[in-house]
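K.L.:
Quick one: structure below, then a few questions.
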Amino acid sequence: MKNYNKILLIPAIIAGVSCSTKGLEPQNLQPGEQVEITKQSVAKMFSDIPLEIAQLEEVHNAVSQSSGNGYDEEYTLTNLMNSPGSGVGQTKASSLEGEPLRDLITGYLMKKYGTKSGGGEVERYLNALGNSDFQIYWPYSEDWDGETFPIVTFDPGMGAETNYGYEISLTSSGVRVVDSVLVDEKIAMERPVWVINSNVDRNYKPVDFLPGGSRSGTKAGDTSKQLVIKDFTMLRNYDSWFGGASEFIIKAGTLANRSISYTQAELKDYYPEMTDMMLSVKRKDVGKTLPMDALLVSGIDENLEKMVFMITEDDGGEQTSWKCEATVKIKSKSTGIVLEFPYHENDDIVWRGNLAMSFFNEEYPVQGRFSDVKITFALE
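Heads up: the sequence shown begins at 1 in this note's numbering, then just goes up one per residue.
Rendered as structure tokens:
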């Protein structure tokens with residue numbers, strides 16, 4: 001296919017980022033030296049590759065798989081390079097129609113840099129792509145018409161809501177045209193946009209939205225209660241649209257071992273039960289009540305007065321922790337057990353604190369408001 005590029009002049013800096021594409025240029029690397037790639041350079045590379053419908057379908061199928069598995073609409077470069085067509089959470093490689101996008105990238109790099117820097121350096125670029133945390137994020141991908149080519153952009157950071165991107169289109173005669181345009185979320189809702197951003201959720205196993213999908217049964221003869229999250233409502237998006245969905249980490253800490261007698265000696269060595277679950281809420285689902293039926297705490301002890309509850313929206317960074325107490329009443333005296341909840345330093349702390357067990361009702365579900373999140377609980 002003939003390749004024709006038409007690039008419009010735009011300001012050198014838009015949304016606080018430079019138009020330089022440094023990151024996929026030959027670097028004269030020393031043996032063992034790491035290749036540096038950037039979101040911006042990867043976006044430019046995708047705009048230069050001679051994409052066809054087969055590669056658009058590959059990306060669309062992968063992001064659809066990720067979404068169906070409880071993740072965002074994302075296609076990690078790790079999967080793109082090592083398991084083409086597979087979304088996050090897939091257990092086996094997908095079958096593809098046409099040439100894999102990975103092969104187009106390889107051909108592009110070999111043609112552009114192979115004679116200048118040698119195939120070995122190209123191989124290191126390919127490895128850098130496959131080992132990065134970068135991904136193609138395709139918001140509102142379910143609305144794709146199956147033929148429109150994307151605008152390719154990248155997450156500029158700093159909470160920006162607008163950035164430049166590379167608009168790929170075909171003329172009636174099949175000539176490929178690339179225009180440089182401004183893009184925001186409204187445009188992404190109207191036509192396909194690929195955003196090169198960083199993956200933050202692939203190491204988590206998301207909770208299922210399907211009724212009963214996250215539940216585990218109680219043992220025969222066990223009369224203890226279990227606390228269930230029935231539904232979840234996000235009242236605002238927590239990140240810039242370039243960052244994608246909001247990934248909520250829900251943590252709970254309780255005493256749930258009915259076999260101990262709560263002597264001071266036992267409590268000193270007792271490790272409390274902690275629940276840790278991830279919930280990805282897509283931008284289009286803001287304000288919607290999403291059914292969950294997810295088990296939060298099982299085997300709740302009758303002595304428990306307060307449980308510890310924490311919701312964060314994951315934004316990465318170095319790990320830190322929050323120390324807190326769950327409280328039990330032993331012989332009319334309340335005793336606290338220290339818990340430590342890990343989270344990342346860049347996370348948004350949606351809510352954290354103690355929840356009195358008296359808040360929950362065995363007769364009917366109750367709803368709580370936690371900053372810009374609403375959750376319905378049931379004690380069963």
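Built from N, CA and C at the ideal position, the CB exists for glycine as well.
Under the DSSP definition of a beta bridge, which residues are partnered with residue 320?
P.N.:
The residue given as residue 320 occupies position 320 in the sequence shown. Beta-bridge pairing links residue 320 to 343.
K.L.:
To the nearest angstrom, how far is the alpha carbon of residue 170 from that of residue 281?
P.N.:
Residue numbering aside, residue 170 sits at position 170 when the sequence shown is read from its first letter. Residue numbering aside, residue 281 sits at position 281 when the sequence shown is read from its first letter. Near 34 Å, if we compare the C-alpha coordinates of residue 281 and residue 170.
K.L.:
Mapping DSSP to helix, strand and coil, what is residue 376?
P.N.:
Counting from one through the sequence shown, the residue named residue 376 turns up at place 376. If DSSP states are grouped into helix, strand and coil, residue 376 belongs with the strands.
K.L.:
Residue 235 and residue 372 - do their beta-carbons sit closer together than 7 Å?
P.N.:
Counting from 1 along the sequence shown, the entry for residue 372 is found at position 372. Counting from 1 along the sequence shown, the entry for residue 235 is found at position 235. Yes.
K.L.:
Measure from the C-beta of residue 83 to each C-beta in chain D and report whether the shortest distance is under 7 Å.
P.N.:
Chain labels in this structure do not include chain D; a single protein chain is all it has.
K.L.:
Measure how close the beta-carbons of residue 143 and residue 199 come, nearest whole angstrom, since I'm counting them as under 8 Å.
P.N.:
By 1-based counting over the sequence shown, the position of residue 143 is 143. By 1-based counting over the sequence shown, the position of residue 199 is 199. Contact doesn't hold; Cβ gap of about 23 Å is too wide.
K.L.:
Rounding to the nearest angstrom, what Cα-Cα distance links residue 207 and residue 302 in this structure?
P.N.:
Numbered from 1 along the sequence shown, position 207 holds the residue referred to as residue 207. Numbered from 1 along the sequence shown, position 302 holds the residue referred to as residue 302. So the alpha carbons of these two residues sit roughly 27 Å apart.
K.L.:
Report yes or no: do the segment 155–164 and the segment 106–113 share at least 3 C-beta pairs separated by less than 8 Å?
P.N.:
No: the two stretches stay apart, fewer than three of their Cβ pairs being nearer than 8 Å.
K.L.:
Exposed or buried, residue 254, counting other C-beta atoms within 10 Å across all chains shown (16 or more means buried)?
P.N.:
Within the sequence shown, residue 254 is the residue found at index 254, counting from 1. That one is buried.
K.L.:
Helix, strand or coil: how does DSSP classify residue 361 here?
P.N.:
The residue labelled residue 361 in the question sits at position 361 within the sequence shown. Of the three classes helix, strand and coil, the one that applies to residue 361 here is coil, per DSSP.
K.L.:
Excluding the 5 residues flanking residue 355 on each side, which residues of the same chain have their C-beta closer than 7 Å to its C-beta?
P.N.:
What you label residue 355 is simply residue 355 of the sequence shown in a count that begins at 1. Excluding sequence neighbours, residue 355 sits near 306, 307 and 309.
K.L.:
In angstroms with no decimal places, state the Cα-to-Cα distance between residue 43 and residue 347.
P.N.:
The count along the sequence shown starts at 1 and reaches residue 43 at position 43. The count along the sequence shown starts at 1 and reaches residue 347 at position 347. Cα to Cα, residue 43 sits roughly 26 Å from residue 347.
K.L.:
How about residue 313 and residue 359: do their beta carbons lie closer than 7 Å?
P.N.:
Along the sequence shown, one-based indexing puts residue 313 at 313. Along the sequence shown, one-based indexing puts residue 359 at 359. Not closer than 7 Å, so no.
K.L.:
For residue 371, name the three-state secondary structure that DSSP assigns.
P.N.:
Here the question's residue 371 lines up with position 371 in the sequence shown. It is coil, neither helix nor strand.
K.L.:
What is the DSSP secondary structure of residue 257, reduced to helix, strand or coil?
P.N.:
Taking the first residue of the sequence shown as position 1, residue 257 is located at position 257. The predicted model places residue 257 with a pLDDT of 48, which falls under 50 and marks its position as unreliable, so this point remains unresolved.
K.L.:
Roughly how many whole angstroms lie between the Cα atoms of residue 197 and residue 129?
P.N.:
Walking along the sequence shown from the start, residue 197 turns up at place 197. Walking along the sequence shown from the start, residue 129 turns up at place 129. Distance between the alpha carbons of residue 197 and residue 129: 13 Å.
K.L.:
To which residues of the same chain is residue 283 closer than 7 Å at the C-beta, ignoring the five residues directly before and after it?
P.N.:
What you label residue 283 is simply residue 283 of the sequence shown in a count that begins at 1. Excluding residues within five positions, the ones whose Cβ falls inside 7 Å are 139, 237, 241 and 245.
K.L.:
Looking at the unbroken beta strand (DSSP E) that takes in residue 37, where does it start and where does it end?
P.N.:
Taking the first residue of the sequence shown as 1, we reach residue 37 at position 37. Segment: none, residue 37 is in no beta strand (DSSP E) and carries neither H nor E.
K.L.:
Keeping to the same chain, check which residues put their C-beta closer than 6 Å to that of residue 35; ignore five residues upstream and five downstream.
P.N.:
Position 35 of the sequence shown holds residue 35. Cβ neighbours of residue 35 beyond the five flanking positions: 124, 125 and 128.
K.L.:
Taking just the CA atoms, how far does residue 136 sit from residue 100?
P.N.:
As a first step, residue 100 is located in the sequence shown; it is residue number 100 there, counting from the start. As a first step, residue 136 is located in the sequence shown; it is residue number 136 there, counting from the start. The straight-line gap from Cα to Cα measures roughly 15 Å.
K.L.:
Closest to residue 153 by C-alpha separation, out of 184, 87 and 295, would be which residue?
P.N.:
Residue mapping note: residue 153 aligns to position 153 of the sequence shown, counting from 1. Ranking the options by Cα distance to residue 153, first place goes to 184.
K.L.:
May I ask which residues mark the beginning and end of the alpha helix (DSSP H) holding residue 54?
P.N.:
In the sequence shown, counting from the first residue as 1, residue 54 sits at position 54. Note, residue 54: alpha helix (DSSP H), 53–68.
K.L.:
Looking only at DSSP bridge pairs, what is residue 274 linked to?
P.N.:
Position 274 of the sequence shown, counted from the start, is the residue given in the question as residue 274. Paired residues: 253.
K.L.:
Jot down the residue ranges of each uninterrupted alpha helix (DSSP H) in the segment 67–100, minimum 4 residues, whole runs only, in chain order.
P.N.:
Here the runs fully enclosed are 77–82.
K.L.:
By how many angstroms is the C-alpha of residue 296 removed from the C-alpha of residue 257?
P.N.:
In the sequence shown, counting from the first residue as 1, residue 257 sits at position 257. In the sequence shown, counting from the first residue as 1, residue 296 sits at position 296. Any answer about residue 257 is weak, because its pLDDT of 48 lies below 50 and its placement is not dependable; what the coordinates show is given next. The straight-line gap from Cα to Cα measures roughly 15 Å.
K.L.:
Would residue 311 and residue 350 qualify as a contact pair, given that the criterion is a beta-carbon distance under 7 Å?
P.N.:
Working through the sequence shown from its first residue, we reach residue 311 at position 311. Working through the sequence shown from its first residue, we reach residue 350 at position 350. In this structure, residue 350 lies closer than 7 Å to residue 311 by Cβ.
K.L.:
For the alpha helix (DSSP H) containing residue 186, name the first residue and the last one.
P.N.:
Within the sequence shown, residue 186 is the residue found at index 186, counting from 1. Counting along the chain, the alpha helix (DSSP H) containing residue 186 begins and ends at 185–190.
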